[in-house]
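Trainee: Those protein sequences? They're chains L and Y, same order as listed. If you count by the working numbering, then the first sequence holds residues 7 to 235, one letter each, in order. If you count by the working numbering, then the second sequence holds residues 18 to 240, one letter each, in order. Think of the CB as a built atom: it goes at the ideal place given N, C-alpha and C, for glycine as much as any other residue.
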Amino acid sequence: MNMTDYTPLLLSLKVAGISTIIVFITGVYAAYFLSRKKFWGKMVIESLFLLPLVLPPTVVGFGLLILFGKKGWIGSWLLEWFNIQIIFTWFAAVIASVVVSFPLMYQSASAAFNNLDHRMENAARTMGASEWKVFRTITFPLAWPGLLAGLVLSFTRGLGEFGATLMLAGYIPGKTDTIPLAIYFAVEAGQMEKATFWVIIIVALGFSTIMWLNWWGRRNVERYKNHSS
Amino acid sequence: MLEVHIQKQLAHFRLDVSLKVKDEIVVLVGPSGSGKTTILNTIAGIEHPDAGSITLNGQPYFQENRRPLPPQKRNVGYLFQDYALFPHMTVDKNIRFGLKNKNDQDALFLIKKLVHVLGIGHLTHKYPHQISGGEKQRVALARALATEPALLLLDEPLSALDQDTRRECQDELLRLHDIWKIPFMIVTHDLAEAKKLGDTLVHIKKGSIQKVVDPSAQKLNCF
Chain L
7 MNMTDYTPLL
17 LSLKVAGIST
27 IIVFITGVYA
37 AYFLSRKKFW
47 GKMVIESLFL
57 LPLVLPPTVV
67 GFGLLILFGK
77 KGWIGSWLLE
87 WFNIQIIFTW
97 FAAVIASVVV
107 SFPLMYQSAS
117 AAFNNLDHRM
127 ENAARTMGAS
137 EWKVFRTITF
147 PLAWPGLLAG
157 LVLSFTRGLG
167 EFGATLMLAG
177 YIPGKTDTIP
187 LAIYFAVEAG
197 QMEKATFWVI
207 IIVALGFSTI
217 MWLNWWGRRN
227 VERYKNHSS
Chain Y
18 MLEVHIQKQL
28 AHFRLDVSLK
38 VKDEIVVLVG
48 PSGSGKTTIL
58 NTIAGIEHPD
68 AGSITLNGQP
78 YFQENRRPLP
88 PQKRNVGYLF
98 QDYALFPHMT
108 VDKNIRFGLK
118 NKNDQDALFL
128 IKKLVHVLGI
138 GHLTHKYPHQ
148 ISGGEKQRVA
158 LARALATEPA
168 LLLLDEPLSA
178 LDQDTRRECQ
188 DELLRLHDIW
198 KIPFMIVTHD
208 LAEAKKLGDT
218 LVHIKKGSIQ
228 KVVDPSAQKL
238 NCF
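1) Can you check which of these residues, L/SER107, L/LEU73, L/PRO109 and L/VAL105, is closest to L/ILE92 by C-alpha distance?
2) Can you name, in chain order, every residue of its own chain whose Cβ lies under 8 Å from the Cβ of L/VAL158, other than the five neighbours on each side?
3) Can you tell me the Cα-Cα spacing of L/TRP96 and L/GLY223, whole angstroms?
4) Cα-Cα, which of L/LEU122, L/ALA99 and L/PHE94 is closest to Y/ALA101?
5) How about Y/GLY47 and Y/LYS222: are their beta carbons less than 8 Å apart?
6) Step through the CB atoms of chain Y and report whether any lies within less than 8 Å of the CB of L/THR182.
7) Using 8 Å as the cut-off, can you tell me whether the stretch 74-90 of chain Y makes contact with the stretch 146-165 of chain Y, which would need three or more C-beta pairs spanning the two stretches below that distance?
8) Take every Cβ of the stretch 206-223 of chain Y, pair it with every Cβ of the stretch 41-61 of chain Y, and state whether three or more of those distances are shorter than 8 Å.
9) For L/ILE178, which residues in the same chain have their Cβ closer than 8 Å to its Cβ, ignoring the five residues on either side in sequence?
10) Can you tell me which of Y/LEU19, Y/LYS25 and Y/THR164 puts its alpha carbon nearest to the alpha carbon of L/ALA129?
11) Check whether the stretch 33-47 of chain L touches the stretch 195-215 of chain L, taking contact to mean three or more Cβ pairs, one atom from each stretch, closer than 8 Å.
12) Taking only the alpha-carbon atoms, compute the straight-line gap between L/PHE55 and L/GLY196 and give it to the nearest angstrom.
13) Is L/SER116 buried or exposed, if buried means 16 or more other CB atoms sit within 10 Å of its CB?
14) Run through DSSP, which three-state label would Y/PRO200 get?
15) Buried or exposed: Y/LYS236, going by 16 or more other Cβ atoms within 10 Å of its Cβ?
16) Near L/LEU187, which residues of its chain fall below 7 Å by C-beta distance, leaving aside the five closest residues on each side in sequence?
17) Beta-carbon of Y/GLN89 versus every beta-carbon of chain L: anything under 8 Å?
18) Can you tell which of Y/LEU125, Y/LEU190, Y/LYS198 and Y/GLY215 has the C-alpha that lies nearest to the C-alpha of Y/GLY151?
19) Just by C-beta distance, which residues in the stretch 171-201 of chain L are closer than 7 Å to chain Y?
20) By Cβ distance below 7 Å, which residues in the same chain neighbour L/LEU174 in space, the five residues on each side in sequence not counted?
21) Is there contact here, the stretch 149-163 of chain L with the stretch 107-116 of chain L, by at least three beta-carbon pairs under 8 Å?
22) Applying the criterion that 16 or more other CB atoms from any shown protein chain within 10 Å of the CB defines a buried residue, is L/GLY6 buried or exposed?
23) From the beta carbon of L/ILE144, is the nearest beta carbon of chain Y less than 8 Å away?
24) For the stretch 30-41 of chain Y and the stretch 194-202 of chain Y, state whether three or more C-beta atom pairs, one from each stretch, are separated by less than 8 Å.
25) Rounding to the nearest angstrom, what Cα-Cα distance links L/MET133 and L/PHE191 in this structure?
26) Quick one: does L/GLY134 have its CB under 8 Å from some CB of chain Y?
27) If we require 3 or more residues per run, which beta strand (DSSP E) segments fall completely within the stretch 145-226 of chain L?
28) Taking Y/LEU170 as the reference, give the member of Y/THR107, Y/PRO87, Y/LEU127 and Y/LEU45 with the closest Cα.
29) Any beta-carbon of chain Y closer than 8 Å to the one on L/LEU71?
30) How about Y/ARG84 and Y/GLY62: are their beta carbons less than 8 Å apart?
31) L/SER235 CB to nearest chain Y CB: under 8 Å?
32) Quick one: residues in its chain with C-beta nearer than 8 Å to the C-beta of Y/GLN26, no 5 flanking neighbours on either side, listed in chain order?
33) Just how far apart, CA to CA, sit L/ARG125 and Y/SER149?
34) Tell me whether Y/PHE30 sits in a helix, a strand or coil according to DSSP, three-state version.
35) Quick check: the Cα distance between L/GLY180 and L/LEU16, rounded to an integer number of angstroms?
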């Protein structure tokens with residue numbers, strides 16, 4: 007095995023990184039918006055948001071192919087008007103990663119916003135703070151521990167994404183071979199040494215993330231203990 | 018002058034009150050769940066009545082069939098139960114939070130004065146979890162008054178304090194009212210406290226006013 011070929015690691019980090027940025031912004035916005043509104047059909051929307059969590063990734067991949075494939079609703083339009091093809095590119099891996107990790111971000115952010123002490127926000131409003139200032143200086147910092155947990159979970163989920171990625175991005179070495187895909191095709195080709203290398207890398211990444219999250223979570227529990235005293 | 022005429026359907030009863038408050042201390046007293054906090058919330062603009070009107074010094078805050086004035090535009094200071102100090106900001110940042118312009122010399126002078134009057138100068142660099150209940154109350158008062166409100170609402174401001182601190186803070190509130198001369202509206206379920214603080218006592222039960230008492234007149238009547 008050529009040990010200097012780190013493409014799968016770099017590609018995985020790039021895909022998971024970009025996907026996490028997209029998921030963080032959209033997930034936080036959606037959770038904040040829905041936490042403040044009550045309307046008919048809210049539960050349906052929330053269920054749709056969380057659906058990719060319970061569906062097999064192949065089903066998500068199938069749905070994305072229907073949308074972004076060459077003859078898909080969005081795919082054909084992009085191809086016709088901008089000559090852009092999504093499938094079989096690294097960006098297809100980003101889309102797959104966004105869809106499967108969005109529910110994790112949404113769920114964490116939603117819990118964080120709903121568990122906030124809303125008197126803090128109201129206190130800020132009575133002091134003349136605009137809604138944007140309330141969000142920026144009160145809501146966001148107080149919800150940050152929950153948002154960060156969602157961010158980290160989304161990143162690791164993006165890093166480990168396989169099924170939907172394979173269906174939408176395919177396996178093109180040097181182009182769409184993220185670590186999980188590299189492992190699968192290495193095993194299929196009988197390159198156990200190569201597969202083991204990537205398995206160790208991804209287990210180490212996942213393990214350190216969970217360790218860090220646990221440490222962070224405990225730290226916050228202690229912090230809030232102090233606050234309530 | 019604050020004028021409140023509001024109706025609002027709550028879970029178990031209908032809130033229906035009419036009040037006029039001059040630059041005095043009005044205490045709303047009554048059992049828990051009688052709608053006292055809801056009255057303060059509607060004045061602050063955090064909740065809205067179903068019908069009625071709220072005006073402060075002639076400015077309409079709420080009128081039927083009109084868009085209510087948002088809390089940001091009401092010139093109302095609100096001291097929440099348990100104070101709702103921002104846990105991630107120092108005392109100093111908490112107090113300065115409502116400043117529109119950080120270099121506004123008049124506002125900074127007012128804050129200096131408030132910090133001095135309330136004796137919290139030694140706390141400014143501490144976080145809320147590092148100070149005592151009585152100190153939190155003083156910080157919350159400074160924060161609420163720093164925006165120069167035309168009315169101060171206080172929801173059970175002393176309920177979390179021990180007896181001695183409570184007595185001290187009651188005196189403090191009276192002293193502040195003497196200095197600021199704006200209407201104070203205080204919610205409590207402690208009748209003795211209500212009598213000590215209030216120029217007017219409004220007894221509320223299940224959303225309606227049972228009686229309005231002037232404690233000083235009552236004292237005169239005793240003689």
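Mentor: Answer, in terms of the structure:
1) Residue mapping note: residue 92 of chain L aligns to position 86 of the first sequence, counting from 1. Closest option to L/ILE92, Cα to Cα, is L/LEU73.
2) Taking the first sequence and counting its residues from 1, the one referred to as residue 158 of chain L is at position 152. If you ignore the 5 residues before and after L/VAL158, its C-beta comes within less than 8 Å of the C-beta of THR215, TRP218 and LEU219, all in its own chain and listed in chain order.
3) As a first step, residue 96 of chain L must be located in the first sequence, where it is residue number 90. As a first step, residue 223 of chain L must be located in the first sequence, where it is residue number 217. Each residue's Cα considered, the two are about 33 Å apart.
4) Taking the second sequence and counting its residues from 1, one reaches residue 101 of chain Y at position 84. Comparing Cα positions, the closest option is L/LEU122.
5) Numbered from 1 along the second sequence, position 30 holds the residue referred to as residue 47 of chain Y. Numbered from 1 along the second sequence, position 205 holds the residue referred to as residue 222 of chain Y. Cβ distance < 8 Å, so Y/GLY47 and Y/LYS222 count as in contact.
6) Along the first sequence, one-based indexing puts residue 182 of chain L at 176. Closer than 8 Å: no.
7) Cβ pair count under 8 Å is below three, so no.
8) Result yes; three or more Cβ-Cβ pairs closer than 8 Å.
9) The residue labelled residue 178 of chain L in the question sits at position 172 within the first sequence. Answer for L/ILE178: PHE94, listed in chain order.
10) Position 123 of the first sequence, counted from the start, is the residue given in the question as residue 129 of chain L. It is Y/THR164 whose Cα lies nearest to the Cα of L/ALA129.
11) Taking one beta carbon from each stretch, the stretch 33-47 of chain L and the stretch 195-215 of chain L have fewer than 3 pairs nearer than 8 Å; the two do not touch.
12) Here residue 55 of chain L refers to the residue found at position 49 of the first sequence. Here residue 196 of chain L refers to the residue found at position 190 of the first sequence. Taking the straight line joining both Cα atoms gives about 39 Å.
13) Position 110 of the first sequence, counted from the start, is the residue given in the question as residue 116 of chain L. Buried, since its Cβ has 16 or more Cβ neighbours within 10 Å.
14) Position 183 of the second sequence, counted from the first residue, corresponds to residue 200 of chain Y. Correct three-state label for Y/PRO200: coil.
15) Here residue 236 of chain Y is taken as the residue at index 219 of the second sequence, counted from 1. The predicted position of Y/LYS236 is uncertain, since its pLDDT is 47 and thus under 50; no value can be drawn from it.
16) As a position in the first sequence, residue 187 of chain L is number 181, starting the count at 1. Excluding sequence neighbours, L/LEU187 sits near PHE168, THR171, LEU172 and TYR177.
17) Your numbering for residue 89 of chain Y matches position 72 in the second sequence. Yes, Y/GLN89 lies at the interface with chain L (some Cβ there is under 8 Å from its Cβ).
18) Translated into positions along the second sequence, residue 151 of chain Y becomes position 134. Checked all of Y/LEU125, Y/LEU190, Y/LYS198 and Y/GLY215; the closest Cα to Y/GLY151 is Y/LEU190.
19) Those would be none; no residue qualifies.
20) Working through the first sequence from its first residue, we reach residue 174 of chain L at position 168. The residues are GLY67, LEU70, LEU71, PHE74, ILE93, ALA98, ILE101 and ALA102.
21) A contact exists between the stretch 149-163 of chain L and the stretch 107-116 of chain L.
22) In the structure as shown, chain L starts at 7 and stops at 235, and residue 6 of chain L therefore has no counterpart that could be examined.
23) On the first sequence, residue 144 of chain L is found 138 positions in, with the first residue counted as 1. It does: the Cβ of L/ILE144 has a partner Cβ on chain Y nearer than 8 Å.
24) Yes, the stretch 30-41 of chain Y is in contact with the stretch 194-202 of chain Y.
25) Position 127 of the first sequence, counted from the first residue, corresponds to residue 133 of chain L. Position 185 of the first sequence, counted from the first residue, corresponds to residue 191 of chain L. Distance between the alpha carbons of L/MET133 and L/PHE191 is about 60 Å.
26) Translated into positions along the first sequence, residue 134 of chain L becomes position 128. Taking Cβ atoms only, chain Y reaches closer than 8 Å to L/GLY134, which makes this a yes.
27) For the stretch 145-226 of chain L, not a single whole beta strand (DSSP E) run of length 3 or above is found.
28) The residue labelled residue 170 of chain Y in the question sits at position 153 within the second sequence. Answer by Cα proximity: Y/LEU45.
29) Sequence index remark: in the first sequence, residue 71 of chain L carries index 65 (1-based). Chain Y, which has no Cβ nearer than 8 Å to the Cβ of L/LEU71, makes this no.
30) The count along the second sequence starts at 1 and reaches residue 84 of chain Y at position 67. The count along the second sequence starts at 1 and reaches residue 62 of chain Y at position 45. Result no, Cβ atoms of Y/ARG84 and Y/GLY62 do not sit closer than 8 Å.
31) Residue 235 of chain L sits at position 229 when you count from the first residue of the first sequence. For L/SER235, the predicted model reports a pLDDT of 37, less than 50, meaning its position is unreliable; a value from the coordinates is still stated below. For L/SER235, the answer is yes, since a Cβ of chain Y falls inside 8 Å of its Cβ.
32) Within the second sequence, residue 26 of chain Y is the residue found at index 9, counting from 1. These residues qualify, in order along the chain: LEU32 and ASP67.
33) The residue given as residue 125 of chain L occupies position 119 in the first sequence. The residue given as residue 149 of chain Y occupies position 132 in the second sequence. Each residue's Cα considered, the two are about 20 Å apart.
34) Taking the first residue of the second sequence as 1, we reach residue 30 of chain Y at position 13. Here Y/PHE30 carries a coil assignment [DSSP, helix/strand/coil].
35) Against the first sequence, residue 180 of chain L aligns to sequence position 174. Against the first sequence, residue 16 of chain L aligns to sequence position 10. If I take the Cα positions, the gap works out to 10 Å.
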